[in-house]
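Same order as they appear, the protein sequences are chains A and B.
For the first sequence, this note's numbering assigns the number 1 to the initial residue and increments by one for each residue that follows.
For the second sequence, this note's numbering assigns the number 1 to the initial residue and increments by one for each residue that follows.
Each residue gets a CB set at the ideal place from its N, CA and C atoms; glycine is no exception.
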Amino acid sequence: MSDKDIKTLAKALAAGETTSVALTEAALAAVDACGAELNAFITVDADRALAAAKAADERIARGEAGPLTGIPMAHKDLFCTNGVKTTAASRMLDNFVPPYDATVVERLAAAGAVSIGKTNLDEFAMGSSNETSYYGPVKNPWDKTVVPGGSSGGSAAAVAARLVPYATGTDTGGSIRQPAALSGITGLKPTYGRVSRYGIVAFASSLDQAGVLCVSAEDAAYVLQAMAGYDERDSTSVNDPVPDYVSAIDGDIRGKRVGIPREFLSEGVETGVRNAFSAAADELSALGCVVEETSLPSLSLSVPTYYVVAPAEASSNLARYDGVRFGHRAENPKDLTDLYERSRGEGFGAEVKRRILIGTFVLSHGYYDAYYLRAQQVRQLIADDFNQAFEKHDFLIGPTTPTAAFALGEKTADPVQMYLNDIFTIGVNMAGLPACSVPMGFDRKLPVGLQIIGRAFDESGILSLAHHYQQATDWHTRVPQGYEE
Amino acid sequence: MSDWETVIGLEIHAQLKTHSKIFSGASTTFGAAPNSNACLVDLGYPGMLPVLNKEAVRLAVRFGLAIGAEVAERSVFARKNYFYPDLPKGYQISQYELPIVKQGTLTIVLDDGTEKVIGVTRAHLEEDAGKSLHENFKDSTGVDLNRAGVPLLEIVSEPDMRSAQEAVAYMKAIHSLVRYIDICDGNMQEGSLRCDANVSVRRRGAKEFGTRAELKNLNSFRFVEKAIEYEVARQIDLIESGGEVVQETRLYDPDRHETRSMRAKEEANDYRYFPDPDLLPVVLDVAFIESVAEELPELPGARRERLMTDHGLSAYDAGVLTAERDMADYYEAVSASVGGEEKLAANWVMGELAAALNRDGLAIHESKVDAETFAGLLRRIVDNTISGKIAKEVFEAMWAGEGDADTIIDKRGLKQITDTGAIAAIIDQVIEKNPAQLADYRGGKEKLFGYFVGQVMKATQGKANPAEVNRLLKEKLAG
Numbered sequence: 001m002s003d004k005d006i007k008t009l010a011k012a013l014a015a016g017e018t019t020s021v022a023l024t025e026a027a028l029a030a031v032d033a034c035g036a037e038l039n040a041f042i043t044v045d046a047d048r049a050l051a052a053a054k055a056a057d058e059r060i061a062r063g064e065a066g067p068l069t070g071i072p073m074a075h076k077d078l079f080c081t082n083g084v085k086t087t088a089a090s091r092m093l094d095n096f097v098p099p100y101d102a103t104v105v106e107r108l109a110a111a112g113a114v115s116i117g118k119t120n121l122d123e124f125a126m127g128s129s130n131e132t133s134y135y136g137p138v139k140n141p142w143d144k145t146v147v148p149g150g151s152s153g154g155s156a157a158a159v160a161a162r163l164v165p166y167a168t169g170t171d172t173g174g175s176i177r178q179p180a181a182l183s184g185i186t187g188l189k190p191t192y193g194r195v196s197r198y199g200i201v202a203f204a205s206s207l208d209q210a211g212v213l214c215v216s217a218e219d220a221a222y223v224l225q226a227m228a229g230y231d232e233r234d235s236t237s238v239n240d241p242v243p244d245y246v247s248a249i250d251g252d253i254r255g256k257r258v259g260i261p262r263e264f265l266s267e268g269v270e271t272g273v274r275n276a277f278s279a280a281a282d283e284l285s286a287l288g289c290v291v292e293e294t295s296l297p298s299l300s301l302s303v304p305t306y307y308v309v310a311p312a313e314a315s316s317n318l319a320r321y322d323g324v325r326f327g328h329r330a331e332n333p334k335d336l337t338d339l340y341e342r343s344r345g346e347g348f349g350a351e352v353k354r355r356i357l358i359g360t361f362v363l364s365h366g367y368y369d370a371y372y373l374r375a376q377q378v379r380q381l382i383a384d385d386f387n388q389a390f391e392k393h394d395f396l397i398g399p400t401t402p403t404a405a406f407a408l409g410e411k412t413a414d415p416v417q418m419y420l421n422d423i424f425t426i427g428v429n430m431a432g433l434p435a436c437s438v439p440m441g442f443d444r445k446l447p448v449g450l451q452i453i454g455r456a457f458d459e460s461g462i463l464s465l466a467h468h469y470q471q472a473t474d475w476h477t478r479v480p481q482g483y484e485e
Numbered sequence: 001m002s003d004w005e006t007v008i009g010l011e012i013h014a015q016l017k018t019h020s021k022i023f024s025g026a027s028t029t030f031g032a033a034p035n036s037n038a039c040l041v042d043l044g045y046p047g048m049l050p051v052l053n054k055e056a057v058r059l060a061v062r063f064g065l066a067i068g069a070e071v072a073e074r075s076v077f078a079r080k081n082y083f084y085p086d087l088p089k090g091y092q093i094s095q096y097e098l099p100i101v102k103q104g105t106l107t108i109v110l111d112d113g114t115e116k117v118i119g120v121t122r123a124h125l126e127e128d129a130g131k132s133l134h135e136n137f138k139d140s141t142g143v144d145l146n147r148a149g150v151p152l153l154e155i156v157s158e159p160d161m162r163s164a165q166e167a168v169a170y171m172k173a174i175h176s177l178v179r180y181i182d183i184c185d186g187n188m189q190e191g192s193l194r195c196d197a198n199v200s201v202r203r204r205g206a207k208e209f210g211t212r213a214e215l216k217n218l219n220s221f222r223f224v225e226k227a228i229e230y231e232v233a234r235q236i237d238l239i240e241s242g243g244e245v246v247q248e249t250r251l252y253d254p255d256r257h258e259t260r261s262m263r264a265k266e267e268a269n270d271y272r273y274f275p276d277p278d279l280l281p282v283v284l285d286v287a288f289i290e291s292v293a294e295e296l297p298e299l300p301g302a303r304r305e306r307l308m309t310d311h312g313l314s315a316y317d318a319g320v321l322t323a324e325r326d327m328a329d330y331y332e333a334v335s336a337s338v339g340g341e342e343k344l345a346a347n348w349v350m351g352e353l354a355a356a357l358n359r360d361g362l363a364i365h366e367s368k369v370d371a372e373t374f375a376g377l378l379r380r381i382v383d384n385t386i387s388g389k390i391a392k393e394v395f396e397a398m399w400a401g402e403g404d405a406d407t408i409i410d411k412r413g414l415k416q417i418t419d420t421g422a423i424a425a426i427i428d429q430v431i432e433k434n435p436a437q438l439a440d441y442r443g444g445k446e447k448l449f450g451y452f453v454g455q456v457m458k459a460t461q462g463k464a465n466p467a468e469v470n471r472l473l474k475e476k477l478a479g
């Protein structure tokens, strides 16, 4: 049932078997049909989508199409889109229409991508279940009583339900990989600096990285090819040449050394997840990889460290939402302080406020050394762990999450339980490494994901390993009931 | 008063002369319509990112080298967090723990000619904030973000100054230096150079510093002096009447010449500084620093020394002439053209030229007489074509646009009379017309010599060679 992946669609378009307009109309109809139920989209822009599709069809007719030309997709509503409302799933930006495109949006548009709209997410990308959105939670297409994961929950659900073959996401602590795992799709978080952050509503600048949620590793290669590269508007983007991910995907993986950090199989990992992972590790052995146990001793520190660094940066990044120039503004403020307090009090949701408070606290005079500075030191230890492991291993693997998707509302009352869902993904952001999550089976009918972590800038390697795994398995082709073609 | 010692440190913000802002491509032109020079980065729009302007870095390095400071091979931008409407991002990007320039010195010259070395603790790059406009808006405040993101170099001195006069001398030296090395236009009316002063007093001989007040809004040399004088008197009065100075920020009111409390220390913001994750550390290699060093002009101090040693000028003259680079350049062009008459050139540049510029409110680069034309005038003094007195008349005519010195001398017939016979004849006429004065002179009233000189000069419309007049008069009056 993989007829909705990029590669297949691109072939069909090239062969004239379908048109971009037809694909786009179908995607819009599909969103219409199940949009309210899944709540995957915040904004659908049919007019722009169809105009872009028409232009793509003309481009295809001229023979100037690339692999993404004419294929419908969606952007996480954290990417600024010129003339299209960009909300970050916050009341604060409910009225915000940027006069600019994020670099990722611009590059994909240049590649001929047809965006049909903006997907739902946790407010300002702060969450692991898509339940903090001002626009309400997203449902998991595999089971509408469970979460799709977050923060890129709308993108994950849209792809899982095959409304679009791919959607953009951002990953600050697992926000691409975790929802990809919980929704049974492929998700890629590139190396920090590989993709420009320009025009992405910032959460935690030293951790945020844009990537893609899609059907297969091969599709991820197509999308990354278009997204990646230096951008002079983002000082932290890296000015190194972009390799050819697509042609590297068939590269030989035999003899590659794959490490399993024992910390990825700690107590909290459910049996079903453990079993699926064992099978996946065996599959990689069968494919000729050398699979060995290894260790990341500081990994257990990654969640507490993350919850100092990320909120600290967020508290500062979100200071610009003050009701003065854009976004939500309280009515009839009596003075400046009232304007600030009510605009922010009304505009931000509970989780965002919680993180702003934490971040403000850890940066405060007298606490900075004990929290922020210490956290940066621990962050370095975590990065060192990964670097050491990569001296012996080409890749590190583990379950993307300790459990399959949890029930809506199950963890909303206990933020720490919610945060622990990202225990295996956060370390990768701390170290700035590339990683992907690919479907590796099911635990009690819900999908679970295999995380593959690579050396910095070795997106080619992890996509190639994932591709070989997907050639040997069919987990990534499974589509939830009711969303089949 | 002599029981007390004043301790002053200055923080000077110099706006760097770049075309675009420090983190965006918006223009830095002064005086544009409100918010017309503010782009999306300056407005703090979501997803906008800062990109460092390399020219600002170059100018900061130039300053560091000019004060003999350590130029940091690695410096870091940090965020200074606080809420204010003219601060769009809710934080100012500045340098905190790791500034680009550390530990330099600047020598100041006091009015009595003595020199003093003032330590410069650090200089760091930062962006300016916007401007709140309280006039013209009923019940609300306008915000102009043209200035938001304009590059500033904040220059922090050691608490090395001991009087308002020293503080002014230091600020003048910074003002002179930044224009010398062409990193700031020094325009204080437009806010290109702004000053805050940390002021405290202590009993003479005390080891510890007193509690300091920070004075804001000292935007002219005069304000610096007045505000510090007022503040010092206030602090001494306060302590002597049994009170205590509190650490606070005080605003200088130029209309009343007093300082007023703005906010106390306990009301001060906790700025929650942390390294800005949107910007990489600024890493400078030695080759870059050396390339900046090579483009550095001769600095005011070195130039002053050279004019004293090579040109034989007094410390005072050399100091005045080198205070501004354009002035020094003008002087050197004049003296080089005239050749070997440095003292004459210095006197004329500092005298007639400076007076004319001052009278018309012109800067030296706007002078109505260029250096070469000016030298042409001095050459006519040197070769005795005209006297110094006549030269002043010629200069005024040059200033009025009547042409060069030779043209004016010719046209007005101002050529000096140096013919001994002609001068002697005029002297004879003058003596003949003034028998009474002659008798008095010969009777011992030698002061009347000046009277006779005046009469001769009057008769020749000032064109007689004064030295010759003196010599001949002495002879003739002696009889």
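- Where do the N-terminal and C-terminal ends of the alpha helix (DSSP H) with residue 312 of chain B fall, by residue? Here residue 312 of chain B is taken as the residue at index 312 of the second sequence, counted from 1. Looking at the DSSP string, residue 312 of chain B is not in any alpha helix (DSSP H), and its letter there is neither H nor E.
- Query: Which residues in chain B sit within 8 Å of residue 365 of chain A, going by Cβ to Cβ distance?
  - Reply: Indexing the first sequence from 1 puts residue 365 of chain A at position 365. Per Cβ cutoff of 8 Å: 270 and 272.
- Message: When you measure from the CB of residue 211 of chain B to every non-hydrogen atom of the ligand PLP, does any distance come out below 7 Å?
- Response: Looking for the ligand PLP in the displayed structure turns up nothing, as the structure carries no ligands at all.
- Straight-line Cα distance separating residue 183 of chain A from residue 445 of chain A: Here the question's residue 445 of chain A lines up with position 445 in the first sequence. Here the question's residue 183 of chain A lines up with position 183 in the first sequence. Taking the straight line from one Cα to the other gives about 11 Å.
- Query: residue 443 of chain A to residue 142 of chain A, Cα distance in whole Å?
  - Reply: Along the first sequence, read from residue 1 onward, the residue named residue 443 of chain A stands at position 443. Along the first sequence, read from residue 1 onward, the residue named residue 142 of chain A stands at position 142. Approximately 12 Å, taken between the alpha carbons.
- Message: For a quick check, are the C-beta atoms of residue 16 of chain A and residue 76 of chain A less than 8 Å apart?
- Response: Start at 1 with the first residue of the first sequence, and residue 16 of chain A comes out as number 16. Start at 1 with the first residue of the first sequence, and residue 76 of chain A comes out as number 76. It is not a contact, given that the beta carbons lie outside the stated cut-off.
- Task: Mind listing the chain B neighbours of residue 235 of chain A? Cutoff is C-beta to C-beta under 8 Å, in chain order.
- Result: Within the first sequence, the letter at position 235 stands for residue 235 of chain A. In chain order: 49, 50, 51, 52, 278, 279 and 280.
- Query: What separation, rounded to the nearest whole angstrom, lies between the Cα atoms of residue 336 of chain B and residue 432 of chain B?
  - Reply: Along the second sequence, read from residue 1 onward, the residue named residue 336 of chain B stands at position 336. Along the second sequence, read from residue 1 onward, the residue named residue 432 of chain B stands at position 432. If you take the alpha carbons of residue 336 of chain B and residue 432 of chain B, they lie about 46 Å apart.
- Return the chain-ordered list of same chain residues with a C-beta closer than 8 Å to the C-beta of residue 95 of chain B, the five sequence neighbours on each side being excluded. Position 95 of the second sequence, counting from 1, holds the residue named residue 95 of chain B. 75, 76, 77, 78, 124, 125 and 126, listed in sequence order.
- So residue 216 of chain A packs on residue 5 of chain A, CB below 8 Å; how close in whole Å? By one-based count along the first sequence, residue 216 of chain A stands at place 216. By one-based count along the first sequence, residue 5 of chain A stands at place 5. That pair is a contact at about 6 Å.
- By the criterion of Cβ-Cβ separation under 8 Å, what are the contact partners of residue 79 of chain B in chain A? For the purposes of this step, residue 79 of chain B is taken as residue 79 along the second sequence, with counting starting at 1. What residue 79 of chain B touches in chain A: 316.
- Segments assigned beta strand (DSSP E), at least 3 residues, entirely inside the region 223-266 of chain A: 257-261
- Excluding five sequence neighbours on each side, which residues of the same chain lie with their C-beta closer than 8 Å to the C-beta of residue 480 of chain B? A question about residue 480 of chain B goes unanswered here, because the residues of chain B that appear run from 1 up to 479.
- Query: On the three-pair Cβ rule with 8 Å, is the region 405-424 of chain A touching the region 356-373 of chain A?
  - Reply: no
- Message: For residue 167 of chain A and residue 108 of chain A, I'd like the C-alpha separation in whole angstroms.
- Response: Here the question's residue 167 of chain A lines up with position 167 in the first sequence. Here the question's residue 108 of chain A lines up with position 108 in the first sequence. Spanning the two alpha carbons is a distance of roughly 11 Å.
- Task: State yes or no: is the C-beta of residue 389 of chain A within less than 8 Å of the C-beta of residue 259 of chain A?
- Result: The residue you call residue 389 of chain A lines up with position 389 of the first sequence. The residue you call residue 259 of chain A lines up with position 259 of the first sequence. Yes, the Cβ-Cβ distance between residue 389 of chain A and residue 259 of chain A is below 8 Å.
- Query: My guess is that residue 46 of chain B and residue 80 of chain A are in contact by the Cβ rule of under 8 Å, so how many angstroms apart are they, rounded?
  - Reply: What you label residue 46 of chain B is simply residue 46 of the second sequence in a count that begins at 1. What you label residue 80 of chain A is simply residue 80 of the first sequence in a count that begins at 1. Yes, residue 46 of chain B and residue 80 of chain A are in contact; Cβ-Cβ is about 6 Å, under 8 Å.
- Query: Taking a cut of 9 Å between CB atoms, which residues from the region 423-452 of chain A lie near chain B?
  - Reply: none
- So residue 311 of chain A packs on residue 358 of chain A, CB below 8 Å; how close in whole Å? Locating residue 311 of chain A in the first sequence gives position 311, where the first residue counts as 1. Locating residue 358 of chain A in the first sequence gives position 358, where the first residue counts as 1. Correct: roughly 4 Å between the Cβ atoms.
- Query: Tell me the DSSP bridge mates of residue 4 of chain B?
  - Reply: Locating residue 4 of chain B in the second sequence gives position 4, where the first residue counts as 1. Beta-bridge pairing links residue 4 of chain B to B:203.
- Message: For a test of the three-state rule: what should DSSP assign to residue 2 of chain A, helix, strand or coil?
- Response: Counting from one through the first sequence, the residue named residue 2 of chain A turns up at place 2. Note that residue 2 of chain A scores 43 on pLDDT, short of 50, meaning its location in the model is unreliable and no value can be drawn from it.
- Message: Going by DSSP in three states, residue 461 of chain B sits in which element: helix, strand or coil?
- Response: Here residue 461 of chain B corresponds to residue number 461 of the second sequence, with the count starting at 1. In this structure, residue 461 of chain B counts as coil in the three-state DSSP scheme.
- Query: Would you call the CB atoms of residue 184 of chain B and residue 192 of chain B closer than 8 Å?
  - Reply: Translated into positions along the second sequence, residue 184 of chain B becomes position 184. Translated into positions along the second sequence, residue 192 of chain B becomes position 192. A contact, by the Cβ cut-off of 8 Å.
- Give, in chain order, every unbroken run of the beta strand (DSSP E) that is at least 3 residues long and sits entirely within the region 95-155 of chain B. 101-109, 115-127, 131-133 and 142-144
- Task: Excluding the 5 residues preceding and the 5 following residue 313 of chain B in the sequence, name in chain order all residues of the same chain whose CB lies nearer than 8 Å to its CB.
- Result: Translated into positions along the second sequence, residue 313 of chain B becomes position 313. Within the same chain, residue 313 of chain B has close Cβ partners 307, 321, 342, 343 and 346.
- Message: By the three-class DSSP mapping on this structure, what secondary structure does residue 440 of chain A have?
- Response: Taking the first sequence and counting its residues from 1, one reaches residue 440 of chain A at position 440. Residue 440 of chain A: strand per DSSP, three-state reduction.
- Since residue 209 of chain B sits in a beta bridge, which residues does DSSP pair it with? As a first step, residue 209 of chain B is located in the second sequence; it is residue number 209 there, counting from the start. For residue 209 of chain B, which the question treats as bridged, DSSP gives no partner whatsoever.
- Message: Short of 8 Å in beta carbon distance, which residues of its chain neighbour residue 250 of chain A, apart from the five on each side in sequence? Order them along the chain.
- Response: As a first step, residue 250 of chain A must be located in the first sequence, where it is residue number 250. Within the same chain, residue 250 of chain A has close Cβ partners 464 and 467.
- Item | residue 181 of chain A beta carbon less than 8 Å from that of residue 401 of chain A | Stepping through the first sequence from its first residue, residue 401 of chain A is reached at position 401. Stepping through the first sequence from its first residue, residue 181 of chain A is reached at position 181. It is a contact, given that the beta carbons lie within the stated cut-off.
- Is there contact between the region 155-167 of chain A and the region 24-39 of chain A, where contact requires at least three CB pairs shorter than 8 Å? yes
- residue 43 of chain B touches chain A at which residues, Cβ-Cβ below 7 Å? In the second sequence, residue 43 of chain B corresponds to position 43, counting from 1. Per Cβ cutoff of 7 Å: 325.
- Could you tell me the distance, in whole angstroms, from the CA atom of residue 73 of chain B to the CA atom of residue 16 of chain B? As a working note, residue 73 of chain B is residue 73 in the second sequence. As a working note, residue 16 of chain B is residue 16 in the second sequence. Using only the alpha carbons, I get a separation of about 20 Å.
- Query: CA-CA distance, residue 478 of chain B and residue 467 of chain B?
  - Reply: To locate residue 478 of chain B, count along the second sequence from 1; it is residue 478. To locate residue 467 of chain B, count along the second sequence from 1; it is residue 467. Cα-Cα distance, rounded: 17 Å.
- Hey, residue 492 of chain B and residue 21 of chain B are a contact pair by Cβ (cut 8 Å); roughly how many whole angstroms apart? Residue 492 of chain B lies beyond the residue range present for chain B, which begins at 1 and ends at 479; the question has no answer from this structure.
- Task: Consult DSSP for residue 520 of chain A and reduce its assignment to one of helix, strand or coil.
- Result: Look at the range of chain A in this structure, 1 to 485, and you will see that residue 520 of chain A is not part of it.
- Message: Measuring CB atoms only, is the region 51-67 of chain B touching the region 295-305 of chain A, in the sense that at least three cross pairs come out at less than 8 Å?
- Response: no
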